[in-house]
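Residue numbers (this note's numbering): 303 to 475.
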């Protein structure tokens, strides 16, 4: 289980894309363009986390226009695409931003995420992630990937860091 103290250390939220921020489905149009399905609530809460002052980004093995465009649209801190070695890419992020692994929460859904889930301060699996991740994660969400899992994590982090009420003020007027 994750303690409040663990969550209060978090300064950076990193999300896998396919199967974590999306529901894992991909469709292709006749012209070859890819379509991915993201949850509106997850996307809004990613923006809320940025507004609250957290570093928020994506780390994906896939390099697709969608995986690059969505983080840009949301003004996320970073988007790493085409990371064939996710742990190496994670280490590069730590160096670039001058942060420790303990300050990072990483969320994934499949075995390719295992090295980063083990290295991050908090590793989180989506509710529908492969069972093999249970040996390395500290938390499995109730919600599945692309269906509220990111919102679930962000909400809890913001509450534990005492940022939730401040970020909600603009909506409660």
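Using N, Cα and C, we set each Cβ at its ideal position, and we do this for glycine too.
Keeping to the same chain, check which residues put their C-beta closer than 6 Å to that of residue i; ignore five residues upstream and five downstream.
{"i": "residue 360", "result": "317, 319, 373, 381"}
{"i": "residue 324", "result": "338, 339, 340, 448"}
{"i": "residue 379", "result": "357, 358, 359"}
Enumerate in chain order the residues of its own chain whose CB-to-CB distance from residue i is below 8 Å, with the five nearest sequence positions on each side excluded.
{"i": "residue 423", "result": "308, 311, 312, 402, 403, 404, 405, 406, 407"}
{"i": "residue 377", "result": "349, 352"}
Opposite residue i in the DSSP bridges: which residues?
{"i": "residue 357", "result": "314"}
{"i": "residue 441", "result": "426"}
{"i": "residue 410", "result": "427"}
{"i": "residue 340", "result": "324"}
Helix, strand or coil, according to DSSP, for residue i in the structure here?
{"i": "residue 333", "result": "coil"}
{"i": "residue 418", "result": "helix"}
{"i": "residue 387", "result": "coil"}
{"i": "residue 327", "result": "strand"}
{"i": "residue 381", "result": "strand"}
{"i": "residue 398", "result": "helix"}
{"i": "residue 304", "result": "coil"}
{"i": "residue 449", "result": "coil"}
{"i": "residue 319", "result": "coil"}
{"i": "residue 349", "result": "helix"}
Going along the chain, which residues of its own chain have a beta-carbon closer than 7 Å to the beta-carbon of residue i, five neighbours each way excluded?
{"i": "residue 391", "result": "361, 382, 385"}
{"i": "residue 462", "result": "306, 309, 310"}
Measuring straight from C-alpha to C-alpha, what distance separates residue i and residue j?
{"i": "residue 414", "j": "residue 364", "result": "11 Å"}
{"i": "residue 465", "j": "residue 332", "result": "45 Å"}
{"i": "residue 442", "j": "residue 429", "result": "6 Å"}
{"i": "residue 473", "j": "residue 457", "result": "15 Å"}
{"i": "residue 416", "j": "residue 440", "result": "12 Å"}
{"i": "residue 397", "j": "residue 420", "result": "18 Å"}
Would residue i be called buried (16 or more neighbouring beta carbons within 10 Å of its own) or exposed?
{"i": "residue 388", "result": "buried"}
{"i": "residue 334", "result": "exposed"}
{"i": "residue 468", "result": "exposed"}
{"i": "residue 400", "result": "exposed"}
{"i": "residue 321", "result": "buried"}
What do you reckon, is the C-beta of residue i under 7 Å from a heavy atom of the ligand GDP?
{"i": "residue 409", "result": "The ligand GDP is absent from the structure shown, which contains no ligand whatsoever."}
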